[in-house]
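Asker: For reference, the structure I am asking about is given below.
There are 2 protein chains.
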Amino acid sequence: MSAISASLDPPSATCVASGSDLTPLELEVIDLFVGATRLIGLPRSLGEIYGFLFISPEPVTLDQLVQRLSISKGSASQGLRALRTIGAVKLSHQPGDRRDHYTAETELKSLVSGFISGQMLPHLETGQTRLGRLRAIEESMGPELRPIQRARLEKLVHWHHRARTLAPLAGKFLD
Amino acid sequence: MSAISASLDPPSATCVASGSDLTPLELEVIDLFVGATRLIGLPRSLGEIYGFLFISPEPVTLDQLVQRLSISKGSASQGLRALRTIGAVKLSHQPGDRRDHYTAETELKSLVSGFISGQMLPHLETGQTRLGRLRAIEESMGPELRPIQRARLEKLVHWHHRARTLAPLAGKFLD
DNA sequence: GAGTTTGTTCATTTTTTCTTGAACAAAGTC
DNA sequence: GACTTTGTTCAAGAAAAAATGAACAAACTC
C-alpha cells in the first residue's frame, strides 16, 4: 500500500545514490523530484534522472547520467526513453559531438500535458471499451439490475465523459 | 516502470480473482476500478474492494468482502482502512447487527478531495521543508550558482506555490 | 574492414511492494 | 468467566516492479 501508507509514515529522509559525488544542490533537487515521481506513480530512477537534468546548467549525456547518478547504462537508457515519451526530456545535439545530449523540459504546461496524454488518455481509451461491455451486461440483466446499480453505472458513464472532456484541457491554464 | 510501460503494452485483459463466484457485472466494474487505482498508484486490492462496494446495492461487511473477493481478512481490513482514510469508503451500522458495514463514497467531489488531501497535501508539506533546505543551499553557494540554476530554483518555488493554491480547490468544480 | 564509441535490448537478479494467515485484542453472549 | 464473533496487527512469504549488465546493433574513424 505504498502511496497511502507513505503519507502516514514518519517523513524519512529519502536517500539518494550512496557514495556518489553529487553536490548538495543536486542531491536536494533530485530528492525533491524522486518524491514527486513516486507520488504520480513513476519509478524512482525517472525522478533521479529528471532531477539531475533539471538542475544541470548544460545538456547532459547518457554517460554522464550513468557516472554521476551511479545507475546502470540500461536504467539510464530506459529512463530517458520513458521521460522522452511523456515529453519531460528533450533531445539536443551539440555541434561536433556524436553523443546524444538531454535537457529537462521545464514548462509546467508541457509536463502536465505530456503526463496526461501519456498516462491518462490510454486508460480512458480502455475505459471506453469497458463501458461498452458494461452496457451490454446492463441490457442482458434487465430487471434483475437494481435501480441503485443502474444509477451507479450512469455515474460511471458520467465520470468517464467528464474525464475525457477535462483531460485534454488540463495544463492549458498553467504557466 | 509500471505506469509508463503499461500504457505502451498491449491491452491485456486484467483478470480478477480466479475461481470466484462474482457476477459478470461485478467482475467488469471491479476490473474498471482496478485499472483506475493502478493509474493513481494505489494497490490493486483497493480497486477490488472499492469496485465491489461501488456496485453493491447494499452495505457490505468485511466478511463478505473476504468471501466474494477471495482475499484475506488482513487485506480486507487494511484495504478498508486505507480507503476510509482517503474518504472513499464510509462506515455504516445496520440496526441489530454488530458487524461493521461499508459503503462506497460515490461523490466525485469527495473522492477527489479525499485523494488530494490524503496523498498530495502531505507531499506538499514535505516539499515546503525541501524548498527551505534548497534556499539555504542557494545562499551558501553564492556566485557559484549559475543564473540558469537560480532560475530553475525559482521555478520550483513557483510550482510549489501554484500547487498549494490549486490543490485545495480541485474537486470544488466537480459534480 | 578492424576497431571504437554510443546507445538499446532483454534475461536475470535485486529490491520493493503486496498479501497472507496466525496471533491478538475487544466486545458481546450465554 | 468460558465461548463466540468481529476486527486489527504484523512477521513472513509471494508477487510484482525495477535495476543490472552482458550481448547486440548502429554509426563513425582510421
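Chains as they are written, first to last, in the working numbering: chain A, 293 to 467; chain B, 293 to 467. Cβ coordinates follow ideal geometry from the N, Cα and C atoms, glycine included. Every value quoted in this text rests on a predicted model; they were computed, and no experiment measured them.
#1: For A/Asp392, which three-state DSSP category applies?
#2: Give a yes or no on whether the C-beta atoms belonging to B/Phe344 and B/Leu324 are separated by under 8 Å.
#3: On the DSSP bridge assignment, give the partners of A/Val381 in chain order.
#4: Give the straight-line distance between the Cα atoms of A/Arg438 and B/Leu331, rounded to the nearest whole angstrom.
#5: Starting from A/Leu334, trace the alpha helix (DSSP H) both ways and give me its first and last residue.
#6: Can you tell me the Cα-Cα spacing of B/Arg373 and B/Arg360, whole angstroms?
#7: Using the rule of at least 16 other Cβ atoms within 10 Å of the residue's Cβ for burial, across every protein chain shown, is B/Gln441 buried or exposed?
#8: Determine the DSSP secondary structure at B/Thr353, reduced to helix, strand or coil.
#9: Looking at the structure shown, is A/Pro414 part of a helix, part of a strand, or coil, going by DSSP?
#10: Do you know offhand how far B/Leu354's Cα is from B/Ser384's?
#11: Counting only Cβ pairs nearer than 8 Å, list the residues of chain B close to A/His415.
#12: Compare the C-beta of A/Arg390 against all C-beta atoms of chain B and say whether one is closer than 8 Å.
#13: Hey, does B/Thr353 have any beta-carbon neighbour from chain A nearer than 8 Å?
#14: Considering only C-alpha positions, which residue in the set B/Thr457, B/Ser362 and B/Asp389 is nearest to B/Ser468?
#15: For B/Lys447 and chain A, any beta-carbon pair shorter than 8 Å?
#16: Suppose you measure from the CA of A/Pro367 to the CA of A/Glu340; what does that come to, to the nearest Å?
#17: If you follow the alpha helix (DSSP H) that B/Arg438 is part of, which residue opens it and which one closes it?
#18: CA-CA distance, A/Trp451 and A/Val352?
#19: If we ignore side chains and look at the alpha-carbon of each, how far apart do A/Ser304 and A/Gln420 end up?
#20: Taking any Cβ of chain A, which residues in the region 431-443 of chain B have a Cβ under 7 Å from it, in chain order?
#21: How is B/Pro460 classed by DSSP in three states: helix, strand or coil?
#22: Could you tell me how far apart the beta carbons of B/Ile347 and B/Glu318 are, in whole angstroms, since I believe they sit closer than 8 Å?
#23: Check the Cβ of B/Thr398 against every Cβ in chain A and list those closer than 8 Å, keeping chain order.
#24: Quick check: is the beta carbon of B/Ile347 nearer than 8 Å to any beta carbon in chain A?
Answerer: In terms of the structure at hand:
#1: strand
#2: no
#3: A/Ala396
#4: 29 Å
#5: First-last for A/Leu334: undefined, no H or E at that position.
#6: 18 Å
#7: buried
#8: strand
#9: helix
#10: 12 Å
#11: Ser299, Gly327, Ala328 and Leu331
#12: no
#13: no
#14: Here chain B has residues from 293 to 467 only, and residue 468 of chain B is not among them.
#15: yes
#16: The identity of residue 367 of chain A in the sequence shown is Ser, whereas the question assumes Pro. A/Ser367 and A/Glu340: Cα-Cα distance of roughly 11 Å.
#17: Careful: B/Arg438 lies outside any alpha helix (DSSP H) and carries neither H nor E.
#18: 42 Å
#19: In this prediction, A/Ser304 has a pLDDT of 38, which is less than 50 and means its spatial position is unreliable; nothing more can be read from the coordinates.
#20: Met433, Arg438, Ile440 and Gln441
#21: helix
#22: 6 Å
#23: Arg444 and Lys447
#24: yes
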